[in-house]
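The structure appears right after this line, and notes come after that.
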Amino acid sequence: MLVLGIESSCDETGVALVQTRPDGATPALRAHALHTQIAMHQAYGGVVPELASRDHIRRVLPLTETVLADAGAALADIDVVAYTRGPGLAGALLVGAGIACALGAALDVPVLGVHHLEGHLLSPFLSADPPQFPFVALLVSGGHTQLMRVDGVGRYELLGETIDDAAGEAFDKSAKLMGLGYPGGPALSRLAEQGDAQAFKLPRPLLHSGDLDFSFAGLKTAVLTQAKKLGDGLDARRADLAASTQAAIVEVLVKKTLAALQRTGLQRVVVAGGVGANRLLRAQLDAACAARRVRVHYPEMHLCTDNGAMIALAAAMRLQSGRQQAVRDYGFGVLPRWPLAELEAVPA
Ligand code: ATP
Ligand code: MG
Ligand code: FE
């Protein structure tokens, strides 16, 4: 079964083709293409929803032609069209959903709405070293920070989550107030490589709270306080402040993940979402887990942030189970707010 997947929940347009496999093996990625709107939103310091929607409209069909050409496939070869149904920006989601359902109707094939976070969560299955269920998942993206116990597709138990900002948001907001532009996460982590992580004492919120929740709003305020104190001196100390900020965020993420392993008794971790691309997080988690004989799995670097491959994959894994059906129902709707826990399980 050839699945076309369309992602348009925020500021990346992603399209991919994934092939299901009969033997229960992970579906295969045939081709994927991505257009990021970062340059377009940069002037505004953040995502402008209306501009995002309009750009998705321009991108989806050309990207679809690209992936079909790359895979050596034709429109008529597509068996199912999958799209991100939520969560995300309503207008942006509606573009992907609308085009997916129009394509489905035109090709007379069924469609399937996919949960964006399930896409992130399953994306490590496309890596050279795919995980096996069950595992602890650390989902760290621009909008979410969650620890989950994952027993199968759709079988997600929330263990803890952020009570305010997400980890990606903490990176981005700290970067912004240090003058590093948008989205600042990658820029902050690059700059941090030249800085001293011990230079500034920053809080590790909820580190000893005894639960698996996170909080990053206070850390951002502490970074702001330091930046203000430095004043004109910030220029000379920017790398040190970046390194100290990154160290604080990463320490909390690693320690809480270890606590989740201890609580669940599981021996496997999957990291997903944009912050999963952070090199310090990968290095510290790898070191801590190696010492405990715990395996850690990541998405390929380029599949950490939003992409169409993870959406096509999540649909393909559901369909391959034989218990999820795509339907010829083209009256699409989107769910801008959609807790992952409300997603139906696919029985093992
Ligand atoms: P959600 O999936 O929760 O709706 P999103 O789709 O915006 O949010 P992602 O695309 O998964 O989030 O990730 C984007 C986030 O990842 C941004 O906050 C970005 O700064 C952060 N990020 C990307 N690369 C890095 C990095 N190397 N270090 C730290 N943060 C990073
Ligand atoms: Mg993005
Ligand atoms: Fe995302």
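My numbering runs 2 ahead of the 1-based position in the sequence shown.
Yeah, the Cβ is synthetic: ideal placement off N, Cα and C, and Gly gets one too.
Bear in mind the structure is a predicted one, so any value in this text is a computation, not a measurement.
Beta-carbon spacing of residue i, residue j below 8 angstroms
i: Gly276; j: Ser143; result: yes
i: Ala18; j: His34; result: yes
i: Ser129; j: His304; result: no
i: Val5; j: Val82; result: yes
i: Gly162; j: Asp215; result: yes
i: Thr266; j: Val138; result: yes
i: Leu160; j: Ala343; result: yes
i: Val116; j: Arg157; result: no
i: Phe334; j: Gly170; result: no
i: Val254; j: Leu287; result: no
i: Arg32; j: Ala78; result: no
i: Ala262; j: Leu149; result: yes
Through-space distance from residue j to residue i, alpha-carbon basis
i: Val155; j: Leu232; result: 48 angstroms
i: Gly106; j: Pro112; result: 6 angstroms
i: Ala285; j: Val252; result: 10 angstroms
i: Ala90; j: Asp13; result: In the sequence as displayed, the identity of residue 90 is Gly instead of Ala. For Gly90 and Asp13, the distance between alpha carbons rounds to 10 angstroms.
i: Lys203; j: Arg239; result: 14 angstroms
i: Pro188; j: Gly26; result: 36 angstroms
i: Ala219; j: Phe135; result: 33 angstroms
i: Ile42; j: Ala92; result: Contrary to the premise, residue 42 reads as Met rather than Ile in this sequence. Their backbone Cα atoms lie some 19 angstroms apart in a straight line.
i: Gln200; j: Ala293; result: 24 angstroms
i: Gly212; j: Leu119; result: 26 angstroms
i: Val273; j: Arg281; result: 12 angstroms
i: Asp153; j: Ala84; result: 23 angstroms
i: Pro133; j: Pro341; result: 24 angstroms
i: Met312; j: Ala347; result: 18 angstroms
i: Leu260; j: Ala224; result: 25 angstroms
i: Ala250; j: Asp308; result: 25 angstroms
i: Pro205; j: Ala316; result: 37 angstroms
i: Ile165; j: Leu140; result: 15 angstroms
i: Val20; j: Leu182; result: 37 angstroms
i: Leu208; j: Thr66; result: 44 angstroms
i: Lys178; j: Ser125; result: 28 angstroms
i: Thr247; j: Lys258; result: 17 angstroms
i: Leu109; j: Ser217; result: 47 angstroms
i: Ala328; j: Leu226; result: 48 angstroms
i: Ile40; j: Ile80; result: 30 angstroms
Chain-order list of residues whose beta-carbon lies under 7 angstroms from that of residue i (same chain, five-residue window excluded)
i: Ala244; result: Met180, Leu190, Leu193, Ala194, Gly197
i: Lys222; result: Asp167, Ala172, Lys175, Ser176
i: Val336; result: Arg87, Gly88, Ala92, Leu95, Leu96, Ala99
i: Val50; result: His43
i: Ala76; result: Leu70
i: Ala290; result: Val256, Leu260
Boundaries (first-last residue) of the beta strand (DSSP E) holding residue i
i: Gly115; result: 113 to 117
i: Arg157; result: 157 to 163
i: Val271; result: 270 to 274
i: Phe137; result: 137 to 142
i: Asp153; result: 147 to 154
i: Gly26; result: Note, Gly26: premise wrong, no beta strand (DSSP E); not H, not E.
i: Leu337; result: That residue, Leu337, is in no beta strand (DSSP E); it is neither H nor E in DSSP.
Cutoff 8 angstroms; reference residue i; Cβ partners in own chain excluding five residues on either side
i: Arg23; result: Pro29, Ala30, Gln322
i: His58; result: Ser10, Thr15, Ala94, Val97, Gly98
i: Ser55; result: Leu91, Gly93, Ala94, Leu96, Val97
Beta-carbon contacts of residue i that lie in its chain and below 6 angstroms, excluding the five residues immediately before and after
i: Leu236; result: Ala229
i: Gln269; result: Val296
i: Phe127; result: Thr28
i: Cys306; result: Gly276, Gly278, Ala279
i: Arg330; result: Pro112
i: Ala241; result: Leu193, Gln196, Gly197
i: Cys103; result: Val113, Tyr332, Phe334
i: Gly47; result: Tyr184
i: Gly145; result: Ala168
i: Glu302; result: Ser129
Span of the alpha helix (DSSP H) around residue i
i: Gly16; result: Per DSSP, Gly16 belongs to no alpha helix (DSSP H); it is in the beta strand (DSSP E), 14 to 21.
i: Gly93; result: 92 to 109
i: Glu67; result: 51 to 73
i: Val252; result: 236 to 266
i: His299; result: Run containing His299: none in the alpha helix (DSSP H); it sits in the beta strand (DSSP E), 297 to 299.
Residue i: CB within 7 angstroms of a non-hydrogen atom of the ligand PLP
i: Cys12; result: Here the bound small molecules are the ligand ATP, the ligand MG and the ligand FE; the ligand PLP is not part of this structure.
Those residues, in chain order, that have a beta-carbon closer than 5 angstroms to some heavy atom of the ligand FE = Ser143, Asp308
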